[in-house]
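507 is the number of the first residue of the sequence shown in the working numbering; add one for each residue after it.
A virtual CB, placed ideally from N, CA and C, is assigned to each residue, including glycine.
All figures in this text were calculated on a predicted structure; none of them were measured in a lab.
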Amino acid sequence: MGNRCYVARGTNGIISRFGAFMRTLFALAAFAALGTSSFAQSSFVFNGDTTGQPTFKRPAGTGSFSPNNAMTRYQATEFQVSATGTYIGELNATFSPYLLVYQDSFDPNNSLTNLLNGDRTYIDAFTILPGSGTGQGPSTRSARIYASEASDTNNEQFVRGTGLQLQAGRKYIAVATAFYAPDDGAAVLFGFPTSGAYSVGIGGGPGNVSAIQAVPEPATMAILGLGAIGLFRRRQNRK
507 MGNRCYVARG TNGIISRFGA FMRTLFALAA FAALGTSSFA QSSFVFNGDT
557 TGQPTFKRPA GTGSFSPNNA MTRYQATEFQ VSATGTYIGE LNATFSPYLL
607 VYQDSFDPNN SLTNLLNGDR TYIDAFTILP GSGTGQGPST RSARIYASEA
657 SDTNNEQFVR GTGLQLQAGR KYIAVATAFY APDDGAAVLF GFPTSGAYSV
707 GIGGGPGNVS AIQAVPEPAT MAILGLGAIG LFRRRQNRK
């Protein structure tokens, strides 16, 4: 009887310790998922390079393509904001760039769909990125989307004077691309670069801006649980 009681108490102890172990494991996993799903900061600044990247039919406004249907190289980066409001988007590049921002999703084969706003030419001081815009005319190397922009100096049909109107809980995609396509005659003739390194900054609004990262799938969590059971059993067998 004494032995049976001892075994029962021991079994209960093992179950209790295992339960505590699993609770700790999944709490840590949940914390890790939360920590990697977004890197919160007041502004989101990232670097990239469009060299050798795929091309798409670049918009020249929220409802129109460039007159020559330019197929320019691009890179897309997802981000989110923690509070709804007006934000600023800035881009500085080694080529004449466009900064485009899409809402919810970006399809390079339907590049007007979900296009929220964009910009091409900016040569004054930045507030998110360091320094200021550079270049002049076709050699301008910077772009900026901001609320106090008064007019469309490039005769393109973006939404001027509103900045980036972003909502918490939605996905956004910043697309860095170029004014010139790789086969553009002027670019070839005058040696204008059509791709290269760039920096983008999104911020200046009421909330934090963060990159969107992958969160572990449920299957991954299940594998973690099975691995934890095996580890726990091995530890018990050593005792």
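Alanine 631: not part of any alpha helix (DSSP H); DSSP gives it neither H nor E. The C-beta separation of glycine 591 from glycine 711 comes to about 5 Å, placing the pair in contact by the 8 Å criterion. Under DSSP, glutamine 609 shares a beta bridge with Tyr678.
Where glycine 591 is concerned, the enclosing beta strand (DSSP E) starts and stops at 591-599. When C-alpha distances from threonine 627 are compared across Pro644, Asn553, Lys563 and Arg564, the shortest belongs to Pro644.
Residue range 691-696 is occupied by the alpha helix (DSSP H) that includes leucine 695. Each residue's CA atom was taken as its position, placing glutamate 596 and glutamine 559 some 21 Å apart. Non-local C-beta neighbours of asparagine 620 in its own chain, meaning closer than 7 Å and more than five positions away in sequence, comprise Tyr608, Gln609, Asp610, Ser611 and Phe612, ordered along the chain.
Between threonine 556 and alanine 684, the C-beta spacing is below 8 Å. Residue burial annotation: serine 705 is buried, with at least 16 other C-beta atoms found within 10 angstroms of its C-beta. Here DSSP, grouped into helix, strand and coil, assigns serine 716 to strand. Per DSSP, the continuous beta strand (DSSP E) segment holding threonine 583 begins and ends at 577-587. Rounded to whole angstroms, the gap between the alpha carbons of proline 565 and asparagine 616 is 10 Å. Here glycine 643 carries a helix assignment [DSSP, helix/strand/coil]. Per DSSP, reduced to three states, the secondary structure at tyrosine 652 is coil, with no helix or strand assignment. If you draw a 10 Å sphere on the C-beta of phenylalanine 696, you find fewer than 16 other C-beta atoms in it, and that means exposed. If you look at asparagine 623, you'll find it in the beta strand (DSSP E) that goes 621-625. Within the model, the alpha-carbon separation for tyrosine 678 versus valine 694 is close to 33 Å. In this structure, the alpha-carbon of threonine 668 lies about 15 Å from that of leucine 605. In this structure, DSSP gives glycine 667 a state outside helix and strand, which the three-state scheme calls coil. Contact annotation, glycine 639 with isoleucine 629: C-beta distance approximately 4 Å; criterion of less than 8 Å satisfied.
Here DSSP, grouped into helix, strand and coil, assigns alanine 687 to coil. A straight line joining the alpha-carbon of alanine 692 with that of threonine 561 spans about 18 Å. Excluding its 5 nearest sequence neighbours in each direction, proline 573 has C-beta neighbours in its own chain below 8 Å: Ala566, listed in chain order. About 16 Å separates the beta carbon of leucine 672 from that of valine 551, a gap too long to meet the 8 Å contact definition.
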